[in-house]
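Undergrad: One structure follows; several queries about it will come next.
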Amino acid sequence: MYRFLLTPRWWGINLFVVLAIPFCVFMGTWQLGRFEDRVQTHEAAEKQPAPGSMAAEPLDELLPVDTVTSGRPATASGRYADQFLVPGRKLGDRSGFYVLDMLRTDSGKALPVVRGWLPGKAGQTPVPAAPAGRVTVTGDLQASENTGTDGVDAKGGLPDGQVGMISAASLVNLVQYDVYDAWVTLQDTGARTGASGTGASGTADAALTDSPGKGGAGLRPVPAAAPEGSGLDLKAFQNLGYTGEWFVFAAFVVFMWFRLLRREAEAARDLKLGLVADEDTPAG
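All letters in the sequence shown, in the order written, are residues 1462 to 1745 by the numbering used here.
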């Protein structure tokens, strides 16, 4: 009754089943592993102190940005150069924009610094000027944004002096110098910045403060965002959902194989009992 299993058609079906089931099981196991990795990363992050509470370190020692260094306080020195506005950004339930200044470091490379957030529309709201002279900033380190980041405007067509995404890829086309593939957000918009100037008797050091009337009027700090893949976010549960889907696919393959086998066996039995006519037998 089961001699049909030796036909070329069933050889093809059996080969497909033999290959499909291990593939589905492998993909399901891989997705489950991705979910477990995210759970472990989330648990490890909860045991660690908040990144922003750690001691500040030089910028170059924290690069490249990853799940460990994201949010860590980083320090960099240089002079502020170009300024850009990042429209369409919310702080709480209020709409506004970021004030982004490019800090030219001693190496000539620039670090994007979000000095703060302002309510209103970019280009229509007065923006505090950045401190002049040499400064040292301390801000929470962030990875470059991408098209999936909340608030990013990837459509383009923004007025001059505005950018929709804080990333080296977008900023390098607007300035004449290299840009770090990272940025920092100042948590103290009145943070002290070291400045140096030369007087008649030599070099004098002073402290400048981003306070009303000197660079930081009205600016509110932008909280550092958690790094992608560091918590039990939607992507983590998508991995868990994909795990179930792949195992369902494997079960479906087995179900369809048994269903085809049963149908073929019943057809062979009916033919043997003469309940149906053999298609190869000429009529009459």
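Note that beta-carbon positions come from the ideal geometry of N, C-alpha and C, so glycine has one too.
Evaluate VAL1526 with the Cβ neighbour count: other Cβ atoms within 10 Å of its Cβ, from every protein chain shown; 16 or more gives buried, anything less gives exposed.
TA: The residue labelled residue 1526 in the question sits at position 65 within the sequence shown. Buried, by the Cβ-count rule.
Undergrad: On the premise that VAL1575 lies in contact with LEU1602, defined as a C-beta separation below 8 Å, what is that separation, rounded to the nearest angstrom?
TA: Counted from its first residue, the sequence shown places residue 1602 at position 141. Counted from its first residue, the sequence shown places residue 1575 at position 114. About 11 Å; that fails the 8 Å criterion.
Undergrad: Nearest to TRP1578 by alpha carbon, out of GLY1679, GLY1612, ASP1567?
TA: The sequence position of residue 1578 within the sequence shown is 117, counting from 1. Here the closest residue by C-alpha is GLY1679.
Undergrad: Looking only at DSSP bridge pairs, what is TYR1559 linked to?
TA: Counted from its first residue, the sequence shown places residue 1559 at position 98. Paired residues: VAL1547, TRP1578.
Undergrad: Over what stretch of residues does the beta strand (DSSP E) that includes ALA1643 continue unbroken?
TA: Along the sequence shown, read from residue 1 onward, the residue named residue 1643 stands at position 182. ALA1643 -> beta strand (DSSP E) spans 1643-1646.
Undergrad: Can you look up ALA1697 in the DSSP assignment and give me helix, strand or coil?
TA: What you label residue 1697 is simply residue 236 of the sequence shown in a count that begins at 1. Reduced to three states, the DSSP call for ALA1697 is helix.
Undergrad: In the DSSP output, which residue or residues are listed as bridge partners for ASP1601?
TA: In the sequence shown, residue 1601 corresponds to position 140, counting from 1. DSSP output for ASP1601 lists PRO1534, THR1646 as bridge partner(s).
Undergrad: So, for THR1536: in the same chain, excluding its five sequence neighbours on each side, which residues have a beta-carbon less than 8 Å away from its beta-carbon?
TA: Against the sequence shown, residue 1536 aligns to sequence position 75. The residues are ALA1517, GLU1518, PRO1519, LEU1520, THR1597, VAL1598, THR1599.
Undergrad: Nearest-angstrom Cα distance between THR1586 and GLY1532?
TA: As a position in the sequence shown, residue 1586 is number 125, starting the count at 1. As a position in the sequence shown, residue 1532 is number 71, starting the count at 1. Roughly 29 Å separates the two Cα atoms.
Undergrad: In whole angstroms, what separates the C-alpha of GLU1725 from that of PHE1710?
TA: In the sequence shown, the residue the question calls residue 1725 occupies position 264. In the sequence shown, the residue the question calls residue 1710 occupies position 249. When rounded, the distance between both Cα atoms is 22 Å.
Undergrad: Exposed or buried, which one is GLU1606 when buried takes at least 16 other CB atoms within 10 Å?
TA: As a working mapping, residue 1606 is identified with position 145 in the sequence shown. That one is buried.
Undergrad: Do you know whose CA, among LEU1572, THR1610, GLU1497, lies nearest TYR1641's CA?
TA: Indexing the sequence shown from 1 puts residue 1641 at position 180. Nearest option by C-alpha distance: LEU1572.
Undergrad: Assuming GLY1489 contacts PHE1708 under a Cβ cut-off of 8 Å, what Cβ separation, rounded to an integer in Å, is found between them?
TA: Position 28 of the sequence shown, counted from the first residue, corresponds to residue 1489. Position 247 of the sequence shown, counted from the first residue, corresponds to residue 1708. The pair is a contact, with the Cβ atoms about 5 Å apart (cut-off 8 Å).
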